[in-house]
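Okay, structure first, notes after.
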Amino acid sequence: MKRVTSEDISHVRIVEVAHDSNGSLGLSIAGGVGSTLGDTPVVITNLYANGPAALTEKLKIGDQILAVNEMSTKGLTHTEVVNMLKDTSAPVILTVTHGEDRKVNVNGRSPSRPPSETASFTDEAIEELLESHQLDDQIVRLIVLERGAEGLGFSIVGGRGSPHGDLPIYVKTVFATGAAEADGQLKRGDRIHTVNGVSLDGVTHEEAVSILKNAQGKVTLTITS
Numbered sequence: 001m002k003r004v005t006s007e008d009i010s011h012v013r014i015v016e017v018a019h020d021s022n023g024s025l026g027l028s029i030a031g032g033v034g035s036t037l038g039d040t041p042v043v044i045t046n047l048y049a050n051g052p053a054a055l056t057e058k059l060k061i062g063d064q065i066l067a068v069n070e071m072s073t074k075g076l077t078h079t080e081v082v083n084m085l086k087d088t089s090a091p092v093i094l095t096v097t098h099g100e101d102r103k104v105n106v107n108g109r110s111p112s113r114p115p116s117e118t119a120s121f122t123d124e125a126i127e128e129l130l131e132s133h134q135l136d137d138q139i140v141r142l143i144v145l146e147r148g149a150e151g152l153g154f155s156i157v158g159g160r161g162s163p164h165g166d167l168p169i170y171v172k173t174v175f176a177t178g179a180a181e182a183d184g185q186l187k188r189g190d191r192i193h194t195v196n197g198v199s200l201d202g203v204t205h206e207e208a209v210s211i212l213k214n215a216q217g218k219v220t221l222t223i224t225s
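All residue numbers for the sequence shown refer to UniProt numbering, where the first residue is 1 and numbers rise by one.
As structure tokens, this is what we get:
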């Protein structure tokens, strides 16, 4: 079984969600290897009103799903993660991290569903998370790029209100020429947290593009892979 890693152990939450009578958890996801977003982490893009996931009050739009039933989602396709979530043989235990405080999308399409319970942290679970956190030497990285004539040399995807929902900002493409390619550290699917100390949490795609374009000279990025 792949180990779960997190960018910040204090943000890791373990949440148990029971399927409703229709076999639904009441949430939507985006991301995964080969998804339309690129090879990006799996994140929650919608929580349906009165659905099992929303009623836990422990999950938020933008949360990254690190594991489903203790199986890491890293390296899995979107379809593989969806199939794991659809397994109704038992309640689903989600390991999530770094959610942003956003309101549940009330769209009226989901019927009222029974509340679910939050799983408690066991000593073993905390131990494993701490151990895996210590083993991951690239949890948070600082990358300094020197803007050249061709810019920073990468494109991004995501942002609040994007076509795929409210998402963090991810690297979509590292161009064959440019500062990012020359530096060699930034990869497709990396999440960008800050640009020269300016947080990208909760910004729109256009705002993130503007922040990156206005960053001149040496540009410092805080990222997680």
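All C-beta atoms in this analysis are idealised placements derived from N, C-alpha and C, irrespective of residue type, glycine included.
query	result
In the structure shown, what three-state DSSP assignment does L221 receive?	strand
Which residues mark the beginning and the end of the beta strand (DSSP E) in which T73 is found?	It is not in any beta strand (DSSP E) - T73 carries neither H nor E in the DSSP assignment.
Does the beta-carbon of N46 have 16 or more other beta-carbons within 10 angstroms, so that it is buried, or is it exposed?	buried
Are I143 and V15 closer than 9 angstroms when you measure CB to CB?	no
Got a sec? Which residues, its chain only, sit under 7 angstroms from V157 by beta carbon, not counting five neighbours each side?	L37, G38, Y170, K172
Which two residues bound the contiguous beta strand (DSSP E) that contains D39?	38-47
Under 7 angstroms Cβ to Cβ from A30, same chain only, skipping five residues before and after it: list those, please.	L37, V43, T45, H164, G165, L167
Return the bridge partner residues of I65 from the DSSP annotation.	V96
For G151 versus G178, is the C-beta spacing smaller than 9 angstroms?	yes
Check each candidate in V68, H78, K74, L76 and name the one with the smallest Cα separation from T88.	V68
I'd like to know whether the C-beta of S199 is nearer than 9 angstroms to at least one C-beta of chain D.	The chain inventory of the structure shown lacks chain D, comprising one protein chain alone.
Just list the residues that DSSP pairs K154 with in beta bridges.	Looking at the sequence provided, one finds Phe at residue 154 rather than Lys. V174, per the DSSP bridge assignment.
Which of helix, strand or coil does DSSP assign to A30?	strand
Going by alpha carbons, who is nearest to Y48 out of V209, T204, F154, L27?	L27
Quick one: is A149 buried, meaning 16 or more other Cβ sit within 10 Å of its Cβ, or exposed?	exposed
Within 10 Å of its beta-carbon, does K86 have 16 or more other beta-carbons around it, so buried, or fewer, so exposed?	exposed
Out of G197, A18, Q185, H78, which one is the CA nearest neighbour of residue 226?	Here the chain covers residues 1 to 225 and nothing more, so residue 226 does not appear.
If we call anything under 9 angstroms between Cβ atoms a contact, is I192 one with L221?	yes
Count the other C-beta atoms from every protein chain shown that fall within 10 angstroms of the C-beta of K58, then say buried if there are 16 or more, exposed otherwise.	buried
For the putative contact between R188 and V174, defined by C-beta atoms under 8 angstroms, what is the C-beta separation to the nearest angstrom?	6 angstroms
Buried or exposed: T79, going by 16 or more other Cβ atoms within 10 Å of its Cβ?	exposed
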